[in-house]
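Engineer: Quick note, the sequence shown lines up with residues 16 to 514 if you use this note's numbering.
We treat Cβ as the ideally placed atom computed from N, Cα and C, and that holds for glycine.
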Amino acid sequence: MSEHFDVLIVGAGLSGIGAAHHLQTALPDKTYAILEARDAIGGTWDLFRYPGVRSDSDMHTLGYRFRPWTEAKAIADGPSILGYVRATAAEAAIDEHIRFHHRVTRAAWSSEQARWTVEADLPDGSTTMLTCGFLLMCSGYYRYDDGYLPAFPGIGDFRGLVVHPQHWPADLDYAGRRVVVIGSGATAVTLVPAMAETAGHVTMVQRSPTYILPMPAEDAIATRLRALLGDRRGYAVTRWKNVLMMTAFYKLSRRRPDMIRGWIRKLTIKQLPAGYDVDTHFKPAYNPWDQRLCLVPDGDLFKAIRDGRASVVTGRIATFTERGLRLESGAALEADVVVTATGLQLLALGGVELAVDGRPVRLPETMAYKGMMLSDVPNFAFTIGYTNASWTLKADLVSEFVCRVLGYMDAHGYQVCVPVNDDPDVTGQPLLNFQAGYVLRSIDKFPRAGSRAPWRLSMSYPRDVVTLRHGKIDDGSIRFSRLDRAGHRETGDEFANQA
Ligand SMILES: Cc1cc2nc3c(=O)[nH]c(=O)nc-3n(C[C@H](O)[C@H](O)[C@H](O)COP(=O)(O)OP(=O)(O)OC[C@H]3O[C@@H](n4cnc5c(N)ncnc54)[C@H](O)[C@@H]3O)c2cc1C
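1. So, for R456: in the same chain, excluding its five sequence neighbours on each side, which residues have a beta-carbon less than 8 Å away from its beta-carbon?
2. Note down, in chain order, each residue of its chain lying with its Cβ closer than 8 Å to the Cβ of D490, except the 5 sequence neighbours on either side.
3. I'd like to know whether the C-beta atoms of A91 and R69 end up nearer to each other than 8 Å.
4. Do you know offhand how far I32's Cα is from G386's?
5. Quick check: the Cα distance between Y79 and Y250, rounded to an integer number of angstroms?
6. Here's the rule: buried if 16 or more other CB atoms are within 10 angstroms of the residue's CB, otherwise exposed. What is G373?
7. Helix, strand or coil for S125 per DSSP?
8. Does the segment 388-405 touch the segment 459-476, meaning 3 or more C-beta pairs lie closer than 8 Å?
9. Output the distance between the C-alpha atoms of G345 and V22, rounded to the nearest integer angstrom.
10. What does DSSP give as the partner residues of R463 in its beta bridges?
11. What is the rounded straight-line gap between the Cα of I24 and the Cα of D136?
12. State yes or no: is the C-beta of T132 nearer than 7 Å to some heavy atom of ligand 1?
13. Leaving aside the five residues before and after T213 along the sequence, list all residues of the same chain whose C-beta is less than 6 Å from its C-beta, in chain order.
14. Can you list the alpha helix (DSSP H) stretches of 4 or more residues lying completely in the segment 191-270, in chain order?
15. Counting Cβ pairs closer than 8 Å, one from the segment 184-203 and one from the segment 339-359, do we hit at least three?
16. Does ligand 1 have a heavy atom nearer than 7 Å to the CB of G400?
17. Can you find a heavy atom of ligand 1 that lies under 7 Å from the Cβ of L378?
18. Tell me, please, which residues DSSP counts as bridged to A370.
19. CB of R121 to nearest heavy atom of ligand 1: below 7 Å?
20. Counting along the chain, where does the beta strand (DSSP E) carrying P434 start and finish?
21. Does K460 pass the burial test, meaning 16 or more other C-beta atoms within 10 Å, or should it be called exposed?
22. Applying the 10 Å Cβ sphere with the 16-neighbour rule, what's the burial state of Q221?
23. DSSP puts F167 in a beta bridge; with which residues?
24. With a CB to CB cut of under 7 Å and the five nearest residues on each side skipped, what residues in its chain are close to H296?
25. Taking DSSP as the reference, what is the three-state secondary structure of P180?
26. Which parts of the segment 42-103 are runs of the alpha helix (DSSP H), unbroken and 4 residues or longer, counting only runs that do not cross its ends?
27. Which first and last residues belong to the alpha helix (DSSP H) in which H116 is found?
28. Would S414 and L29 be called neighbours here (beta carbons separated by less than 8 Å)?
29. Excluding sequence positions up to five away, which residues of its chain have a Cβ less than 7 Å from the Cβ of A511?
30. State yes or no: is the beta carbon of A426 nearer than 8 Å to at least one beta carbon in chain B?
31. Buried or exposed: which applies to S357, given that a residue is buried once 16 or more other Cβ atoms fall within 10 Å of its Cβ?
32. Compute the Euclidean distance between the alpha carbons of L97 and P439, then round it to the nearest angstrom.
33. For Q306, count the other beta carbons within 10 Å of its own beta carbon; 16 or more makes it buried, fewer makes it exposed. Which is it?
34. If you measure from the CB of D489, is any heavy atom of ligand 1 nearer than 7 Å?
35. W124 and V293: beta carbons closer than 8 Å?
36. Please confirm whether M382 and G465 have their CB atoms less than 8 Å apart.
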């Protein structure tokens with residue numbers, strides 16, 4: 016017989032460790048395990064090892080609600096974030112619940128048994144089966160095995176080294192060498208100043224510009240609040256301060272894009288040498304928050320440009336050459352090392368194949384309930400963070416909501432919960448409403464969001480706090496039912512009311 020748990024969590028990254036913490040705190044009697052494909056805790060923050068790797072949102076909102084971030088730096092480096100996640104797991108003995116080297120490939124729901132059978136691949140090529148009452152996916156949103164690499168012509172001709180940030184060679188020595196970084200996203204703008212510290216020169220080659228905002232690496236108000244109120248209360252106040260500031264900034268960006276564009280432009284001009292061609296290199300064609308904004312701590316990217324250690328070239332790459340790159344403009348760039356900061360490949364639900372009573376679940380045909388459960392998929396939730404705010408704000412709320420649903424089911428003797436959309440007026444919308452290339456490339460493989468609540472994707476943490484932390488569980492869209500002693504399913508009161 017397979018080992019059984021009340022809850023199985025897939026993924027031991029920031030979200031999986033947070034989910035386990037919420038679960039064992041709110042519902043200490045529940046049994047659970049975390050299935051993790053890799054051999055380490057930390058997900059993103061363990062995988063990415065490129066120079067300078069860091070958060071690009073503040074740690075007071077990227078940190079967990081239940082565990083204060085106490086370091087001085089609000090924009091933290093990757094190893095510090097990894098340390099924070101690992102310490103959370105160790106302190107709460109969550110690490111004892113993790114099964115490493117378990118790559119989940121399939122999960123099949125049986126209505127008769129009201130449980131999932133979860134299949135995982137092991138390193139020796141064998142598979143193992145576990146069962147659970149509730150399956151919580153914390154598997155992130157992208158492929159771990161490979162990043163995204165466009166088909167660059169001539170890449171095989173290049174005599175230097177090509178490196179993707181997702182597979183950074185630990186022994187790469189680029190001191191004094193000519194480096195070209197391809198890309199203009201968060202990874203590129205992180206890498207450029209970090210590599211420029213020792214490289215001969217770093218050139219960032221971008222097809223088109225991105226909004227880049229300088230931000231103090233240390234939050235002086237947070238430090239003062241911590242001194243005044245202590246770690247826990249100071250953190251909570253800073254967290255809300257940052258949430259409200261980011262929410263206001265996001266809303267203003269959407270309502271008055273021209274005003275925000277103008278403001279960012281002024282800030283950018285101030286950071287760059289006099290006469291710098293801001294329009295070519297730092298004036299995006301889209302509005303702020305059509306794609307994620309890149310924050311640069313203490314304006315480090317601009318400083319590297321001012322110091323002449325880094326430069327930006329805007330144009331399309333025609334081909335790699337033996338010595339570097341040639342752009343469509345005809346310009347040639349010589350390089351010893353080319354870093355392809357060209358992005359991620361999105362992957363929905365860790366690539367796990369789902370089936371409900373023998374019927375395969377086709378994700379694009381499902382609709383996401385509250386951005387975290389799937390229509391017609393029982394006892395299942397997934398964690399995808401906000402695109403306009405820190406991931407963990409949503410991850411915490413997903414875990415809290417799942418705990419509330421489980422508590423509600425226990426209190427009423429239900430074993431099954433399933434979101435059902437029977438409103439014909441609800442139309443499908445993309446689950447990530449973001450225009451970035453990496454989203455547009457793969458969003459059709461993801462579940463859909465809906466045009467109205469509770470299917471509509473909320474991009475507002477304050478609103479989600481109201482609905483997910485405090486709102487009604489039995490809102491009519493989740494149907495609850497129980498198994499009778501003979502294993503037959505009885506519909507719950509809520510279901511009966513709807514019928
Ligand atoms: C370089 C980089 C910087 C980022 N910076 C920020 C930032 O500043 N702010 C922000 O809000 N977000 C940021 N993000 C997004 C970031 O991924 C999230 O903040 C957060 O780390 C996601 O945590 P997670 O646990 O949900 O997913 P992940 O960190 O991706 O962890 C998922 C875990 O699940 C495991 N897994 C996946 N599939 C399976 C499977 N089938 N079976 C078993 N295990 C599986 C993986 O091995 C991994 O350990 C960044 C992302 C990247 C790549």
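Structural biologist: According to the structure shown:
1. Y163, Q360, L361
2. P469
3. yes
4. 20 Å
5. 10 Å
6. exposed
7. strand
8. yes
9. 58 Å
10. M382, P445
11. 16 Å
12. no
13. A190
14. 201-211, 235-244, 246-270
15. yes
16. yes
17. no
18. A123, P375
19. no
20. 431-434
21. exposed
22. buried
23. Per DSSP, none; premise fails for F167.
24. P224, V327, T329
25. helix
26. 59-62, 74-77
27. Segment: none, H116 is in no alpha helix (DSSP H) and carries neither H nor E.
28. no
29. Only weak support is given to the placement of A511: the predicted model assigns it a pLDDT of 36, under 50, and the value that follows is read from those uncertain coordinates. Nothing meets the Cβ criterion.
30. Here chain B cannot be found, since the structure has a single protein chain.
31. A small fix is needed here, since residue 357 is Thr in this sequence, not Ser. By the neighbour-count rule (16 or more Cβ atoms within 10 Å), T357 is buried.
32. 45 Å
33. buried
34. no
35. no
36. yes
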